[in-house]
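Chemist: Okay, handing you the structure first.
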Amino acid sequence: MGTFAIISFFLIIAIVWIYAWKRSRKVDNSTSDGFFLGGHSLTGISIAGTIIMTNLSTEQLVGQNGQSYAASMEIMAWEVTSAIAIVLLAVVFLPRYMKYGISTISDFIEIRYDTFTKRLISFLFMFTYMTSFLPVVLYSGSLVFNRLFDVEEMFGVNTLTAVAICAGFIGFIGMAYLLMGGLSLSAYSDTLYGIGLLVGGMTILILGLSFLGDGSAIAAIDIIRENTPEKLNAWGPIDSDYVPWPTLMLGMFFNNLYFWCCNQMIVQKALGGQNLKEGQKGTLYVAFFKVFGALFLVLPGIVAFNIFDSGLANNDDAYPSLVSLVLPEWAYGIFGAVIFGAILSSFVGSLNATATLFSLDFYKPIFHKNATDRQVARAGKWVTVIVGLISVVIAPLIAFAPTGLYNVIQQFNGLYSLPLLAVILFGFWNKYVTATGAKITFAFHILFYITANFTLDINYLYIFSIIFILDCFVLWLTSKIKPLDTPFEFKGNLNKVDLTPWKHVKWVSALAILAVIAMYVIFSPLVLAR
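Residue 1 is where the sequence shown starts when you use the numbering used here, and the numbers rise one by one after that.
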């Protein structure tokens, strides 16, 4: 990488940090509300930016384009169909969460069920973030930066050491972000990085299409349709290893509902909104981003397949190879800064969620019951440092099992994601379901899930399709056999912000769902895939 690229990389990072730091100074991050939820100061744009950037990292850019290189546009299901779940977050889940005045998902579990179930959920969240998400984000990001900046040659070290150096650099910056500005600083920087990611991602797609079409992006689409029309089909075969079409509104939909509506890392950003209106605006902006995000998170892999004539040895080399081919060297620093923002945001978002869960669900109620608000925030900062350092240490070790470890942790997530979704949904609408019923559902799910994974040779999304329905049945049955003596009634006025909904929420939500349908029509045998 040239001198200009290196200078532009650090200059962009510095400008974004200064902007975000100045914007976040009005929030007192020495309090728990300020540090964990940005003092409820976030607007729709900043909420959208921080959710998008927390969700997106090199895992999506490299991984999903690699999968589409190997398969087809069916991979876009992870992006496009999530818009439906995000709409439900805006119109169903978020109003109820804000009504209860919660700071964590587990807070709702405690209010509706009991403390034991709450702490179980908090522990599972923290364990997953600390052992899987954080180290994997650092590891995958470090691989990209080692390639962009050639850290091995710069320091004269081997790949593992170079990854450790990059992981330490990203981790240090991430911890500094949270310690200096809490959620608000991260949210404001995420907004700029989000815009950069959208522009940069679309630029790579357009440059790739232009290269394939010998200067014409439109001609490139015709080339793809002529040579590999099946690649443009978003409807995966029934026996697909990736996303079988019958699972789109079953297993995939259930998984999306959990991730977007019950995942602390995501929901916490929306809870940081000034009011319900801003929270709904932000989440719906995300919904539209996810629909059209498939264009630079999935389609470039198909462009790469046609450019390289399926000649890449490793599917995950598709996107990095395309970037190296079409991006001018002078732009490496700019694109590298955008990628850095994506990695940093995912790391900071998960780190903040982990610190929030420990401080509010364990430190204050168990270890220091009389802790002041500032002491709780200070504990969160210590957890930020400790968990951050642990993640930095674990990250290089993933090199010894880059696929196995990640897959094991993803399967571990399935142990609690769907029963948690069922428990929350029943908590909203069933006044007689009990804490005992929730525990029985978790126990049933774990036994069935483990058995199914060992005995059924089918796509795990089919297992998700079946098991969530069974979880709901078990929870419903327990509420019938032994219901609460008196129906649950929410008491008190715990909401911390104005709950007036956004006046445009209904028609904007409908438009987002229509956009999902339109994308599936376009990428089908009816239009492009023929």
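Note that CB positions come from ideal geometry on N, CA and C, so glycine has one too.
In this structure, does DSSP put residue 246 in helix, strand or coil?
Modeler: Looking at residue 246 - three-state DSSP - the assignment turns out to be helix.
Chemist: In terms of DSSP beta bridges, what is residue 273 paired with?
Modeler: 42
Chemist: Identify whether residue 174 lies in helix, strand or coil by the three-state DSSP scheme.
Modeler: helix
Chemist: State the Cα-Cα distance for the pair residue 475 and residue 435, rounded to the nearest angstrom.
Modeler: 10 Å
Chemist: Is residue 468 closer than 7 Å to residue 259 when the C-beta atoms are compared?
Modeler: no
Chemist: Is it true that the CB of residue 207 sits closer than 7 Å to the CB of residue 220?
Modeler: no
Chemist: Who are the near neighbours of residue 483 in its chain, counting only those whose CB is closer than 8 Å to its CB and skipping five residues on each side?
Modeler: 432, 433, 434
Chemist: For a minimum of 4 consecutive residues, which ranges assigned as the alpha helix (DSSP H) are wholly contained in the segment 176-262?
Modeler: 217-227, 251-261
Chemist: Please identify the residue among 383, 305, 18, 490 whose C-alpha is closest to the C-alpha of residue 348.
Modeler: 383
Chemist: Three or more beta-carbon pairs under 8 Å between the segment 83-93 and the segment 510-517, yes or no?
Modeler: yes
Chemist: Within 6 Å: the Cβ of residue 142 and any heavy atom of the ligand COA?
Modeler: Questions concerning the ligand COA fall outside what the structure shown contains, since it holds no ligand whatsoever.
Chemist: Apart from the five residues on each side of it in sequence, which residues of its chain come closer than 6 Å, Cβ to Cβ, to residue 437?
Modeler: 475, 478, 479
Chemist: Nearest to residue 179 by CA position, among 507, 516, 377, is which residue?
Modeler: 377
Chemist: Residue range of the alpha helix (DSSP H) that residue 318 falls in?
Modeler: 318-326
Chemist: I need the DSSP call for residue 314, collapsed to helix, strand or coil.
Modeler: coil
Chemist: CB-CB under 6 Å to residue 394, same chain, minus the five flanking residues each way: which ones, in chain order?
Modeler: 135
Chemist: Taking the alpha helix (DSSP H) that residue 8 belongs to, which residues open and close that run?
Modeler: Annotation: the continuous alpha helix (DSSP H) that includes residue 8 extends over 3-24.
Chemist: Grouping DSSP H, G and I as helix and E and B as strand, with all else coil, what is residue 102?
Modeler: coil
Chemist: Would you mind stating whether residue 350 and residue 129 have Cβ atoms separated by less than 7 Å?
Modeler: yes
Chemist: Does the Cβ of residue 290 have 16 or more other Cβ atoms within 10 Å, making it buried, or fewer, making it exposed?
Modeler: buried
Chemist: Quick check: the Cα distance between residue 406 and residue 356, rounded to an integer number of angstroms?
Modeler: At residue 406, the pLDDT of 47 sits below 50, so the modelled position is not reliable; the number obtained from the coordinates is stated separately. Cα to Cα, residue 406 sits roughly 24 Å from residue 356.
Chemist: Taking all protein chains shown into account, do 16 or more other C-beta atoms lie within 10 angstroms of the C-beta of residue 146, making it buried, or fewer, making it exposed?
Modeler: buried
Chemist: Can you tell which of 19, 170, 266 has the C-alpha that lies nearest to the C-alpha of residue 47?
Modeler: 266
Chemist: Report yes if the C-beta distance between residue 461 and residue 282 is below 7 Å; otherwise report no.
Modeler: No; because the gap between Cβ atoms is not below 7 Å, this pair is not in contact.
Chemist: How is the alpha helix (DSSP H) around residue 515 delimited, first residue to last?
Modeler: 505-522
Chemist: Relative to the alpha-carbon of residue 264, which residue among 118, 525, 502 has its alpha-carbon at the smallest distance?
Modeler: 118
Chemist: Starting from the Cα of residue 9, find the closest Cα among 473, 332, 107 and give me that residue.
Modeler: Checked all of 473, 332, 107; the closest Cα to residue 9 is 332.
Chemist: With a Cβ-Cβ cutoff of 7 Å, do residue 269 and residue 451 count as a contact?
Modeler: no
Chemist: Could you check whether residue 294 and residue 126 sit closer than 7 Å to each other, using their CB atoms as the reference points?
Modeler: The Cβ atoms of residue 126 and residue 294 lie no closer than 7 Å to each other.
Chemist: May I have the straight-line CA-CA distance separating residue 404 from residue 132, to the nearest angstrom?
Modeler: Low confidence applies to residue 404: its pLDDT is 44, below 50, so where it sits in the model is not reliable, and the reading given next is rough at best. Going by the C-alpha atoms only, they are around 11 Å apart.
Chemist: Work out the CA separation of residue 154 and residue 367 for me, nearest whole Å.
Modeler: 46 Å
Chemist: Let's see if you can read the secondary structure: which residues bound the alpha helix (DSSP H) around residue 465?
Modeler: 460-481
Chemist: Can you give me the Cβ contacts of residue 300 inside the same chain, cut-off strictly under 7 Å, excluding the 5 residues immediately before and after it?
Modeler: 65, 204, 205, 208, 319, 322
Chemist: Please state the DSSP three-state secondary structure of residue 427.
Modeler: helix
Chemist: Return helix, strand or coil for residue 433, following the three-state DSSP convention.
Modeler: coil
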